[in-house]
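Here the numbering used here runs 25 ahead of the position in the sequence shown, where the first position is 1.
Just below is one structure, and these are the notes that go with it.
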Amino acid sequence: MERRIFELADEAATRRLGQMLAALARPGDVIMLHGTLGMGKSTLARSFIQALTSADEEVPSPTFTLVQMYEGANGDIWHFDLYRLDKPEDAFELGIEDAFADGISLIEWPDRLGRLAPRRRLEIHLHLGQHDTARRAELISHDQWNDRLGDLDL
């Protein structure tokens, strides 16, 4: 398990982290975004998706649809928001198995997956930073990103 911590001074730094992660992403990657409301999960996901599609790609939060899919430079990108998921098994109806197998998966509220969370994944925990607009990002690789975390440099 590899771990990196980044101090993100503002929303622009959160967007840069999303872009840097996108540059290193590969099909089959699962990226789990943890954090309370307003910590920047959607901001990070939006910049990640735009980096692999186009800067003007509209990336709405999948709060009500639960999943949005995008065609990216490295394959399909699946953006899940599992906040409204009633039980972990409901994720199968969203196509999560296909996403895990062939796509790049960004998952907000991943705790809703319970035991269905894949063992190989990158977890990003976003916390409040030194001031209101700052964030602290803790990246934890469970095997999948061990060889790539060292390449990240804000």
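Backbone N, C-alpha and C define an ideal beta-carbon position, used for all residues, glycine too.
Item	Value
Quick check on Asp127: does DSSP put it in helix, strand or coil?	helix
Which term fits Gln75, buried or exposed, when burial requires 16 or more other beta carbons within 10 angstroms of its beta carbon?	buried
Among the residues of its own chain, which have a CB less than 8 angstroms from the CB of Asn99, if the five just before and after it don't count?	Ala50, Arg51, Pro52, Leu77 and Ile129
Taking contact to mean at least 3 C-beta pairs separated by less than 8 angstroms, is the region 165-174 in contact with the region 144-156?	yes
Considering just the uninterrupted stretch of the alpha helix (DSSP H) at Met45, what are its terminal residues?	Glu36 to Leu49
Near Leu138, what residues of its chain come up, given a Cβ to Cβ distance below 7 angstroms and the 5 sequence neighbours on each side ignored?	Leu107, Pro113 and Ala116
Among residues of its own chain, excluding the 5 on either side of Phe105, which ones have a beta-carbon nearer than 6 angstroms to its beta-carbon?	Val92 and Ile132
Would you check if the distance between the CB atom of Leu179 and the CB atom of Arg29 is smaller than 8 angstroms?	no
Along the chain, where does the alpha helix (DSSP H) containing Ser72 start, and where does it finish?	Lys66 to Leu77
Considering only their Cβ atoms, is the gap separating Trp170 from Glu32 smaller than 8 angstroms?	no
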